[in-house]
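A.B. asks: Under numbering that gives the first Met the number 0, the first residue of the sequence shown is numbered 0, with each subsequent residue one higher.
For glycine and all other residues, C-beta sits at the position ideal for the given N, C-alpha and C.
The structure that follows is given in the form of structure tokens.
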Amino acid sequence: MTAHARRMLVRLAISGVLFLLFLAHTADWMQLRLLTTLENVAYDERVLLTMPGTRDPRIVIVDMDEKTLAARGWPLPRDVLGQLITQLFDHYRVRVVGFDMVFADVDRTSGIERLEQLAGGQMADLPGFAERVAALRESLDHDKAYADALRGKPVVLGYVLLPAGEAGAGEARGALGPVLLDKAARTESGVEFLTMGGYTGNLTVLQSAAPYGGFFDIATLDDDGQIRRVPLMERFGDVVYPSLALEVTRVALGHPAVTLEFDPPTARSALNLERVRIGDVTVPVDASISVMVPYRGRFGSFPYISLADVLEGKADAAALEGAIVLIGTTAPGLKDLRSTPVGQGYAGVEVHANIISGILDGRVNQKAPYYPGMETVMLLLIAGLLAWLFPRVSPGGAAAFTGCILAVILALGFGMWHEAHLVMPMGVPMVFTLAVFLTQLLYGYFIETRRARDTAKTFGQYVPKEIVEEIAASGQQISMEGKSKEMTVLFSDVRDFTTISEAFKDKPQELSELMNHFLTPLTQLIQKHRGTVDKYMGDAIMAFWGAPLDDPRHAQHALEAAIELPKAIRALDPIFEKRGWPKLKIGVGLSTGNMRVGNMGSEFRVAYTVMGDPVNLGSRIEALTKEYGAVVMCSEFTRGAGPSDWSFRELDQVRVKGKGQPVALYEPLGPKEALDPEVRQEVARHRGALKLYREQKWDAAEQEFFSLSRGKYPHKVYELFLERIVYYRKNPPGPTWDGVFTFKTK
């Protein structure tokens, strides 16, 4: 496995662990309160930033406010409520009335019970009293008076369904309104409705008089007590009942049928549930048949009229005519003030008004049943993207990309909210994005950066800064242990340095300065071409290519450095002349082959170096540069591993001391296209002269070498072969001679 693959696996593992943690929350295996809170905040901000902020005059709230309580007392007598209903329909001509309250107990405000007690007790013997009480009973029955007022009018009474497990669950008081879905319809729907364990309904005399009813309890309060969604339907027993808001809307629309719509239509399950249809109006819902409350604005988004003013005929008739009326209370003592995303102390009755308004306007946004799946896909994409990204870019680039992801989540969240009325996950994906980013960043800083520092510490003294950075960026585990690999080694030595140093025997400090002056630019050149400086040996430099970082073009890089070294020395001539120092001449030898590289030495001292026959050969080649009059020489193996578009002058085939196998020596001349055509022609002639020499055609070879030595580009190697030809004429090498020259000294 490559180092990059290992890094990718680590990055994927980091993202994967965080993904699983967030998935546990999304799948509801484990609730993380912080994530829930942040998602709620993201939802609330969308509500606040996109709500219309206008009043809806179609829905009027008749408020049992403090003014009403002061004028009429509490509880309000039922006959007064009967007068209210009569006033609303007969005088103000409202369309429908819904009660955000329940009438579970008998009205005891009329005094009829006290009269009956007196008739059966203290005043039993009073002539005519008992008969008079019987006559008064009907006129003092406020519940009957209220029921008579309700009868035949489009009034929706409210009641409470109690969740299983809560106080009062199992209790069944009073009567419920009409069933919305019977057992057969509920079973056929395939939906798991919110199931209630009890109820508090209205007096039977009242509910039987009013043809409609709906629950006003909110069983879907979020953990923070905020009202963000409200169920449109709830199950009690085997049947399903409508909410107050749903039933009021239905009555206002002419009481059409209510159906559930699925996508596809044949897939009857909560996951495929899309909307509730009320006649021609559709309402997007979630898996629990709940709607996200489409708040119009802050408290007071609907006209409020005091109930006392309605009773006294002082209310604005224009505001009430044809209106949908909800009767509720804002009086603090009656405890119907709620917490919502748009404000605290929000009247509960206005929550129902917002739902009705949103349904009529088509402003209900949907938290689709597949919401958890949507969130899971988003988390998976973010995890994969950031894991793929981090090994490839800098921390700054990763931060910019992370910012882009956050911007995309925001744009999608608000775009889908506005255009498709869809509630997309925002808070959890954004927190997940930041969590993955920070975790990946910390891992990179504390683990990979530490590894980079260790790498720099280990190799910084040998290797160019660029290669150290490349090693660190690649994430490769570079071992200091010895290993064998093909590499190229370079030796460079100053000619006649012993003579030069003798001239400075009384000025050792100046000799040190001279060495620093020429070793520094040579080292810079080597490192510029990706070389690793092995060691300085007095005036000599040993360097190699191909370690610690693999370099497939090690021979080319070594050759490029080698032919620039003499130029760097010549660039020092003006400085040396100014200081009275002698001009320097160097010889450079290159050798390529399989060698051992790594930490080597003793228990007292260890050095990162190379060893092997190619290394020894490189040293021998450097020593032979003076013999052949070439500044730079390389072995046939370096030529073979080097660039194919370079030109090389073959100098000789030799056996160096200590080696049995011959090796061809070459002088690298650089890229062919950069050479003077006359030089290329001379190299070709030299190659022909060598062929004649190896065929022992002494006269022809001598003539060619002599001509070359007198040409435009004389070379010491021509003189060398002329001397050998003279020798071999006198001492013929014999018919088995292979043309190889054997050196007896190093």
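Nearest chain B C-beta to residue 21 closer than 8 Å, yes or no?
C.D. replies: The displayed structure is made up of one protein chain only, and chain B is not part of it.
A.B. asks: Could you tell me whether the stretch 259-271 touches the stretch 337-357, using the rule of 3 or more Cβ pairs below 8 Å?
C.D. replies: Of all C-beta pairs linking the stretch 259-271 to the stretch 337-357, fewer than three are shorter than 8 Å, placing the two stretches out of contact.
A.B. asks: I'd like to know whether the C-beta atoms of residue 61 and residue 326 end up nearer to each other than 8 Å.
C.D. replies: Pairing residue 61 with residue 326 gives a Cβ-Cβ distance under 8 Å.
A.B. asks: I'd like the list of long-range same chain contacts for residue 25, defined as Cβ closer than 6 Å, with 5 residues on each side in sequence excluded.
C.D. replies: 371, 374, 375
A.B. asks: Could you give the distance in angstroms between the alpha-carbon of residue 746 and the alpha-carbon of residue 631?
C.D. replies: The displayed coordinates of the chain run from 0 to 745. Any statement about residue 746 would go beyond what the structure contains.
A.B. asks: Counting only the same chain and skipping the five closest in sequence on each side, list residues whose C-beta sits under 7 Å from that of residue 711.
C.D. replies: Cβ within range, chain order: 677.
A.B. asks: Give, in chain order, every unbroken run of the alpha helix (DSSP H) that is at least 4 residues long and sits entirely within the stretch 619-654.
C.D. replies: As for any alpha helix (DSSP H) of minimum length 4 sitting wholly inside the stretch 619-654, the runs are 635-640, ordered along the chain.
A.B. asks: Excluding five sequence neighbours on each side, which residues of the same chain lie with their C-beta closer than 7 Å to the C-beta of residue 191?
C.D. replies: 269
A.B. asks: How far does the alpha helix (DSSP H) with residue 514 in it reach, from first residue to last?
C.D. replies: 507-527
A.B. asks: Taking the CB atoms as reference points, tell me whether residue 422 and residue 353 lie closer together than 8 Å.
C.D. replies: no
A.B. asks: Give the straight-line distance between the Cα atoms of residue 234 and residue 240, rounded to the nearest whole angstrom.
C.D. replies: 6 Å
A.B. asks: Would you check if there are 3 or more beta carbon pairs closer than 8 Å linking the stretch 149-161 to the stretch 204-220?
C.D. replies: yes
A.B. asks: Is the beta carbon of residue 228 closer than 8 Å to that of residue 280?
C.D. replies: no
A.B. asks: On the DSSP letters alone, give me the boundaries of the alpha helix (DSSP H) that residue 715 sits inside.
C.D. replies: 715-729
A.B. asks: Please determine, among 197, 189, 298, 297, the residue with the shortest C-alpha to C-alpha distance to residue 258.
C.D. replies: Cα-wise, what sits closest to residue 258 is 189.
A.B. asks: Can you give, in chain order, each stretch of the alpha helix (DSSP H) that sits fully within the stretch 47-119 and has at least 4 residues?
C.D. replies: 65-71, 77-85, 111-118
A.B. asks: If you check the beta carbons only, do residue 87 and residue 247 fall under 8 Å apart?
C.D. replies: no
A.B. asks: Can you name, in chain order, every residue of its own chain whose Cβ lies under 6 Å from the Cβ of residue 558, other than the five neighbours on each side?
C.D. replies: 641, 667
A.B. asks: Tell me which residues share the same chain as residue 207 and place their Cβ nearer than 8 Å to its Cβ, disregarding the 5 neighbours each side in the sequence.
C.D. replies: Contacts found: 146, 174.
A.B. asks: Please determine if the stretch 308-320 and the stretch 380-391 are in contact, where contact requires at least 3 C-beta pairs separated by less than 8 Å.
C.D. replies: no
A.B. asks: Nearest to residue 187 by CA position, among 176, 230, 261, is which residue?
C.D. replies: Closest in alpha carbon position to residue 187, among 176, 230, 261, is 261.
A.B. asks: Report yes or no: do three or more beta-carbon pairs, one from the stretch 699-714 and one from the stretch 608-617, lie closer than 8 Å?
C.D. replies: Result no; under three Cβ-Cβ pairs closer than 8 Å.
A.B. asks: Would you mind reading off the limits of the beta strand (DSSP E) that contains residue 742?
C.D. replies: Element bounds for residue 742: n/a, residue is neither H nor E.
A.B. asks: Could you tell me if residue 201 is buried or exposed, where buried requires 16 or more neighbouring beta carbons within 10 angstroms of its beta carbon?
C.D. replies: Burial check for residue 201: the Cβ neighbour count within 10 Å reaches 16 or more, so the residue is buried.
A.B. asks: Please report the distance separating the alpha-carbon of residue 345 from that of residue 8.
C.D. replies: Using only the alpha carbons, I get a separation of about 52 Å.
A.B. asks: Alpha carbons only, please: which of 144, 544, 19, 499 is nearest the one belonging to residue 538?
C.D. replies: 499
A.B. asks: With 16 as the cutoff for other CB atoms within 10 Å, does residue 224 come out buried or exposed?
C.D. replies: exposed
A.B. asks: Report the residue ranges of all beta strand (DSSP E) runs contained in full by the stretch 186-256; include only those spanning at least 3 residues, in chain order.
C.D. replies: Listed in chain order, the complete beta strand (DSSP E) runs (minimum 3 residues) inside the stretch 186-256 are 194-199, 211-214, 228-230, 232-235, 238-241.
A.B. asks: Which residues in the same chain have their Cβ closer than 7 Å to the Cβ of residue 342, if we skip the five residues on either side of it in sequence?
C.D. replies: 297, 298
A.B. asks: Check whether the Cβ atoms of residue 654 and residue 575 lie closer than 8 Å to each other.
C.D. replies: no
A.B. asks: Between residue 747 and residue 649, what straight-line distance do the alpha-carbon atoms span, to the nearest angstrom?
C.D. replies: The first residue shown for the chain is 0 and the last is 745, placing residue 747 beyond what the model contains.
A.B. asks: Taking the alpha carbon of residue 549 as the point to measure from, which residue in 591, 486, 408, 511 has its own alpha carbon closest?
C.D. replies: 486
A.B. asks: Look at the alpha carbon of residue 336 and the alpha carbon of residue 256, and state the distance between them as a whole number of angstroms.
C.D. replies: 33 Å
A.B. asks: Can you tell which of 720, 517, 140 has the C-alpha that lies nearest to the C-alpha of residue 584?
C.D. replies: 517
A.B. asks: Need the endpoints of the beta strand (DSSP E) that residue 667 sits in, please.
C.D. replies: 662-670
A.B. asks: Could you check how far apart the C-beta atoms of residue 586 and residue 621 are, in whole angstroms? I think they sit under 8 Å.
C.D. replies: 5 Å
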